[in-house]
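Visitor: So the sequence shown is residues -18 to 176, counted in the working numbering.
We put the CB at the ideal spot given by N, CA and C, even for glycine.
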Amino acid sequence: MSSSTSIKMQKMGVRFKPPTIFLFYTDTSTGKFRRRTVPLTDFTKNTNITDYTTELHNDKTTKNRNLFRHIPLRRLERLLFVLKEGLTTNISKSDIEKKLRTFDNLDPNEDLNKLDDDALKHKKLIMSESYEKNRVDPSSKDFVYDVAVDFEQPAGEKQTSEWDSSEEVEEDIPQQKDDEDDDDDDDDDDEDDFK
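Written out as structure tokens, the structure is:
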């Protein structure tokens, strides 16, 4: 494994007991198909998936884990979710797939302020992936400069706002009157202080 460009990830798999990840990849410099078995001895059912994913992805010190940097974060996070679900309960493969779909689901009406840190990081990762997938920049073939969009109102309804009005409105604001005697006394005291 001479450089990061000489590896092409093919597929991944998990074993629940003991927690293990299998990485299948092609070494493009030699053309050989390889399998790397990575035991995750420190992975438990209580492990924070998002943090563990980042740790695996960014770890450059351990030889066993350096292949993880070739896997997109979100794909690795999904794999660890499957592993965690398999460790947590004795459930079938179809039940894990259902949970994985709900894990990947983004509800636009969901209040993200009520999520814990782990779930919020996961939702942000999904949003980031969706943004990158749908992003159109000047180098894209679908890019159109200066698109004018007309947002139509429902028939018969015209929404007005005060700030939309072209008329200027000027209001007189009544001033509060204080006792003139009190103001004069305060002025005299101020003069004495400065002498």
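Starting from T7, trace the beta strand (DSSP E) both ways and give me its first and last residue.
Guide: The residue given as residue 7 occupies position 26 in the sequence shown. Per DSSP, T7 belongs to the beta strand (DSSP E) from 1 to 8.
Visitor: I want to know whether the region 50 to 68 touches the region -7 to 12 - three or more CB-CB distances under 8 angstroms.
Guide: With the cut-off at 8 angstroms, the region 50 to 68 and the region -7 to 12 touch.
Visitor: Look at the alpha carbon of L96 and the alpha carbon of V(-5), and state the distance between them as a whole number of angstroms.
Guide: For the purposes of this step, residue 96 is taken as the residue at position 115 of the sequence shown. For the purposes of this step, residue -5 is taken as the residue at position 14 of the sequence shown. Cα-Cα distance, rounded: 28 angstroms.
Visitor: Using the three-state DSSP reduction, which class does S(-13) fall into: helix, strand or coil?
Guide: As a position in the sequence shown, residue -13 is number 6, starting the count at 1. Looking at S(-13) - three-state DSSP - the assignment turns out to be helix.
Visitor: So, at 8 angstroms on beta carbons, what are the nonlocal neighbours of L106 in its own chain, with the 5 sequence-adjacent residues on each side left out?
Guide: Along the sequence shown, one-based indexing puts residue 106 at 125. Within the same chain, L106 has close Cβ partners T31, L54, R55, E58.
Visitor: Distance cutoff 7 angstroms, beta carbons only. Does S10 sit that close to anything in chain C?
Guide: Annotation note: the requested chain C is absent from the structure, which comprises a single protein chain.
Visitor: Starting from the N-terminal side, write out each stretch of the alpha helix (DSSP H) that is 4 residues or longer and does not extend beyond the region 41 to 94.
Guide: Whole alpha helix (DSSP H) segments, 4+ residues: 54 to 69, 74 to 85.
Visitor: Just the C-alpha distance for M(-7) and I2, rounded to the nearest angstrom, thanks.
Guide: Within the sequence shown, residue -7 is the residue found at index 12, counting from 1. Within the sequence shown, residue 2 is the residue found at index 21, counting from 1. The straight-line gap from Cα to Cα measures roughly 7 angstroms.
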